[in-house]
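Read in UniProt numbering, the sequence shown has 63 at position 63, and its numbers run on one by one without any break.
Even for Gly, the Cβ is constructed at its ideal location relative to N, Cα and C.
Notes for the one structure printed next.
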Amino acid sequence: MPVLAAPTRAELNKPSPSASEASAYRTDLDGLRGVAIMLVACFHIWFGRVSGGVDVFLTLSGYFFIGSLLKHAIASQSEMIGFGATINPWPRLKRLLRRLLPALFTVLIAVSVLTVLLMPQTRWVNIGREVIASALYYQNWYLAFNSQDYLAASSANSPLQHMWSMSVQGQFFVATLLIALTVAWLIKLVAVRWPVVGDRKVITSIVAAGVLVVAAFSFYWAHMRMGVNQQWNYYDTLSRTWEPLAGGLLAIWMPRWRAPVWLRNVVGVIALTMIVSSGWLIMGVQQYPGPLALVPVGATLLLIWSGMSIPDAAGQAAQAPVNRLLATRQAVWLGTVAYSLYLIHWPLLIFYLHWRDKDHANFIEGTVLLIVSTTLAWLTKRYIEDPLRGGGRSKLADSHANPRRISYTAAVTSVLVVLSLGTGVAIKLWDRHVANIVVDTTRLDPTIYPGGRALLDSSIKVPNVDPQPTPLAVARDFPMTSTDGYMSSFEDNDIHVGVYGDRTATKTLALAGGSHAEMWITALDALGKRNHFRVTTYLKMGCPLSTELIPKQRGVPYPQCHDWVMRVMKKVIADKPDAVFTNSTRPKDEGIGDWTPDDYLPIFDEFAAAGIPVLGIRDTPWPRNAQGLIDTPNCIAGGGNARSCGSNRRIHLNPVDPAIAAAATRPMLHPLDMSNGVCSADFCPAIAGNIIVYKDLHHLSATYVRSLTDELGRQMAAALPWTGGTGQR
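Next up, the structure:
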């Protein structure tokens with residue numbers, strides 16, 4: 001069963017198929033669910049960390065689900081036939097859907113409504129897509145792809161980001177059922193010739209061996225992928241599979257050692273302490289689901305074992321005190337609402353923080369959020385989950401027993417179905433509307449929309465009109481290399497060379513590096529056509545030209561970048577351009593200002609040794625305030641303006657371009673500084689000259705870059721006259 005969805009009273013009282021299961025239900029594990037969900041909620045609300053509670057849920061899911069499959073598979077009188085007959089996927093899938101979907105769809109509908117009421121339109125598409133992904137149980141993959149793609153909106157504060165774990169569990173359940181069917185068919189096929197294969201112990205051994213092999217591979221995969229792409233690894237179902245399989249292994253093979261109660265209690269206390277403390281001691285986002293996830297997973301296994309009621313020599317069975325504590329009425333009640341509480345607490349937190357324009361909730365706010373979340377979770381369980389789960393009774397029998405419940409259940413079901421379908425249609429229509437938005441700002445009147453020219457020339461008068469592109473459109477205002485397919489993604493290690501400017505010219509400027517070099521292609525393409533030089537592009541997401549051995553992207557190792565840079569350097573030099581255009585600075589990781597990293601200097605020297613001059617463009621500010629990076633389109637769409645969505649220049653830029661010092665000893669390095677076209681003397685506005693400056697967290701919009709074309713051309717011509725002269729064909 002899904003560990004977050006508590007069983008109904010009818011399910012608790014339902015007779016077991018075998019005597020060995022007579023007292024199998026564990027109320028202490030309900031209490032463990034309650035502890036885990038409170039850890040998840042508290043760490044989300046107050047600490048902004050991963051608690052390990054989700055890993056507890058995953059382990060319990062495997063323990064319940066695989067154990068249930070195996071018990072039902074071998075419980076019939078004819079084990080060989082029973083194994084095939086009792087693994088019919090539809091009855092079990094139907095029960096899963098009735099447990100999971102009512103509360104899930106209720107929350108998704110509520111999130112959709114609150115998004116329209118509270119969130120700027122720039123966020124509707126991404127949240128809408130996450131609603132669909134959550135409803136269809138692929139949210140973990142959506143987030144994994146989203147975290148890798150500059151063309152997608154940020155999901156940093158998505159109200160549905162927590163749904164990834166539900167998707168992992170859903171995928172695990174379906175895959176396990178399908179594999180169980182396959183194994184059952186194979187066993188029946190083989191048992192015709194070798195009947196011993198249908199024996200209970202043989203079946204158990206086969207299942208245990210299969211689970212162990214898959215779990216071992218998944219654990220290896222999770223550990224190996226940490227050093228390759230941890231952002232992806234965190235959401236990867238394959239990397240997470242070992243956690244529920246660890247619980248499944250315990251369900252298949254539970255040590256029956258008659259350990260004294262005091263020893264089991266000590267083990268239980270240690271295990272519970274490990275679960276509670278892991279959120280403080282382990283940086284879960286960076287370390288899970290790698291080896292350190294063994295702490296919450298292993299502790300969960302120990303708590304399951306310590307709570308087993310194994311009769312002693314005198315026939316008396318006793319549960320360890322720590323497990324009896326978890327089985328108290330309050331802990332068990334919290335476990336019964338754990339599923340709804342998990343679904344509700346995170347979106348409630350995100351919408352509240354957005355409404356208050358805050359980054360964190362204080363103690364009082366967090367306490368109120370917990371109380372409201374728990375109350376809503378109970379109401380959801382009482383009036384939506386429980387009625388729609390129902391039981392195994394027919395409608396006729398149910399109507400005689402409680403006709404009002406049937407009518408209520410039918411009404412709630414109908415409302416949920418209609419609202420879910422309506423929400424899905426609305427999301428698709430909005431998605432189509434946004435997809436059809438065409439960003440064509442090439443014909444903007446420069447006297448009305450001067451953009452960066454207004455910052456460079458104070459004599460330019462800027463009329464009071466709405467900025468362009470609109471906040472909704474500017475998020476799609478990409479550089480042409482991205483839409484043309486010449487920007488290598490994070491996973492794509494190939495070199496894709498694009499050709500722009502005057503394609504027939506003999507002079508060539510190579511544009512190379514990451515997205516902060518790429519964003520200048522709009523101006524370079526225009527300058528190339530105007531001054532008769534060709535622009536060739538060598539670009540990869542998040543990968544500036546650097547000799548750093550282990551580059552990082554958002555704090556995560558990005559080894560593909562180093563390999564790509566080494567190959568692209570050889571490629572560019574072999575192509576013999578007349579100059580290279582690339583970044584010469586970047587913001588400091590800590591503190592204020594910008595710098596030229598030491599790893600950039602060997603790149604400049606290698607080009608110089610090949611006789612290729614470098615036009616080093618100073619990186620533009622990455623807007624931020626006390627709450628963190630500013631997503632300019634979202635900020636403006638949410639009611640912000642040029643000032644409130646802008647930031648202090650001193651935070652981002654040194655008084656003097658740092659590349660000037662590097663150029664002092666490198667005559668073939670020519671620093672370019674467009675800072676005055678993005679910032680005034682002391683401030684970097686979100687809107688300048690009636691054009692929105694940034695298309696996302698830190699990339700200039702293509703429209704704004706176009707407004708800087710003349711100034712960029714002037715600086716380039718001062719360094720290399722052929723870039724601003726008549727050129728040669």
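Residue range of the unbroken beta strand (DSSP E) whose run includes residue 672: For residue 672, the enclosing beta strand (DSSP E) begins and ends at 669-672.
Reduced DSSP secondary structure (H/G/I, E/B, other) of residue 647: It is a strand residue.
Bridge partner(s) assigned by DSSP for residue 552: DSSP, once it has assigned bridges, lists 557 as partnering residue 552.
Residues near residue 252 by beta carbon distance below 8 angstroms, same chain, minus five either side: 66, 67, 70, 204, 207, 208 and 211, listed in sequence order.
Candidates 413, 474 and 447, of which the one nearest residue 434 by Cα: Among 413, 474 and 447, the Cα nearest to that of residue 434 is on 474.
Alpha helix (DSSP H) runs wholly inside the stretch 588-641, at least 4 long, in chain order: DSSP runs (the alpha helix (DSSP H)) wholly in the stretch 588-641: 601-609 and 632-637.
Three-state class that DSSP yields for residue 729 in the structure shown: Confidence at residue 729 is low in this model, with a pLDDT of 34, below 50, so the placement of that residue should be treated as unreliable; the coordinate-derived value is given next. In the structure shown, the three-state DSSP call for residue 729 is coil.
Residue 655 classed as buried or exposed, judged by whether at least 16 other C-beta atoms fall within 10 angstroms: It is exposed - the Cβ of residue 655 has fewer than 16 other Cβ atoms within 10 Å.
With 16 other Cβ atoms within 10 Å as the buried cut-off, status of residue 342: Residue 342 comes out buried.
Environment of residue 503 [buried if 16+ CB atoms lie within 10 Å]: That one is exposed.
Cβ pair residue 374, residue 337 closer than 9 angstroms: In this structure, residue 374 places its C-beta atom within 9 angstroms of the C-beta atom of residue 337.
Collapsed DSSP secondary structure at residue 534 in the structure displayed: Residue state, collapsed to three classes: strand.
DSSP state of residue 731 mapped onto helix, strand, coil: For the chain, the structure presents residues 1 to 729; residue 731 sits outside this window and is missing.
Inside the stretch 112-195 only - alpha helix (DSSP H) runs reaching at least 4 residues: Counting only unbroken stretches of 4 or more residues, the alpha helix (DSSP H) elements lying wholly within the stretch 112-195 are 124-135, 139-146 and 164-191, in sequence order.
Backbone secondary structure at residue 282 - three-state DSSP: For residue 282, the secondary structure class from DSSP, reduced to helix, strand or coil, is coil.
Alpha-carbon spacing of residue 54 relative to residue 242, whole angstroms: When only Cα atoms are considered, residue 54 and residue 242 end up about 14 angstroms apart.
Beta-ladder partner(s) of residue 361, from DSSP: Under DSSP, residue 361 shares a beta bridge with no residue.
Burial state of residue 394, where buried means 16 or more other Cβ atoms lie within 10 Å: Residue placement at residue 394 is poorly supported in this model, since its pLDDT is 36, which falls under 50; the coordinates still yield a value, given next. It counts as exposed.
Cβ-based burial, residue 410 [other Cβ within 10 Å; buried from 16]: Residue 410 is classed as exposed because its beta carbon has fewer than 16 other beta carbons within 10 Å across all chains shown.
Euclidean distance between Cα positions of residue 737 and residue 700: There is simply no residue 737 to check, as the chain begins at 1 and stops at 729 in what is shown.
Proximity below 9 angstroms, CB of residue 304 to CB of residue 250: For residue 304 and residue 250, yes; Cβs fall inside 9 angstroms.
Close Cβ partners of residue 680 (< 8 angstroms) along its chain, the five nearest in sequence each way excluded: Excluding residues within five positions, the ones whose Cβ falls inside 8 angstroms are 455 and 649.
Neighbourhood of residue 509 by C-beta distance below 8 angstroms, restricted to the same chain and skipping five residues each side: Taking residue 509 as the centre and dropping the five residues before and after it, the same chain places the C-beta of 501, 524, 528, 533, 534, 535, 536, 577, 578, 579, 580, 581, 615 and 723 closer than 8 angstroms to its C-beta, in chain order.
Best match in 540, 134, 443 and 100 for proximity to residue 111 [C-alpha to C-alpha]: Residue 111 has its Cα closest to that of 134, out of 540, 134, 443 and 100.
Residues near residue 558 by beta carbon distance below 7 angstroms, same chain, minus five either side: Answer for residue 558: 542, 551 and 552, listed in chain order.
Pair within 9 angstroms by beta-carbon distance, residue 711 and residue 689: With contacts defined by Cβ atoms closer than 9 angstroms, residue 711 and residue 689 do not form a contacting pair.
Length at least 3, wholly inside the stretch 210-258: the beta strand (DSSP E) runs in chain order: Listed in chain order, the beta strand (DSSP E) runs fully inside the stretch 210-258 amount to none, counting runs of at least 3 residues.
Alpha carbon of residue 718 to alpha carbon of residue 42, nearest angstrom: Each residue's Cα considered, the two are about 58 angstroms apart.
Where residue 611 falls, given that 16 or more other Cβ within 10 Å makes a residue buried: Residue environment for residue 611: exposed (fewer than 16 other C-beta atoms within 10 angstroms of its C-beta).
Residue 508 - containing beta strand (DSSP E), residue span: Residues 508-513.
Stretch-stretch touch, CB-based, cutoff 8 angstroms, three pairs: the stretch 46-63 with the stretch 160-175: By the criterion of at least three beta-carbon pairs nearer than 8 angstroms, the stretch 46-63 is in contact with the stretch 160-175.
Separation of residue 119 from residue 633, as counted between CA atoms: Those two C-alpha atoms are separated by around 12 angstroms.
Bounding residues of the beta strand (DSSP E) (the contiguous stretch that carries residue 583): Segment 579-583, the beta strand (DSSP E) holding residue 583.
Nonlocal neighbours in the same chain, by C-beta distance under 6 angstroms from residue 486, ignoring five residues either side: For residue 486, where only same-chain residues beyond five positions count, the Cβ hits under 6 angstroms are 496, 498 and 537.
Contacting residues, own chain, Cβ-Cβ under 6 angstroms from residue 345 (five flanking each side not counted): Leaving aside the five residues that flank residue 345 on each side, the residues in its chain whose CB is nearer than 6 angstroms to its CB run, in chain order, 41 and 373.
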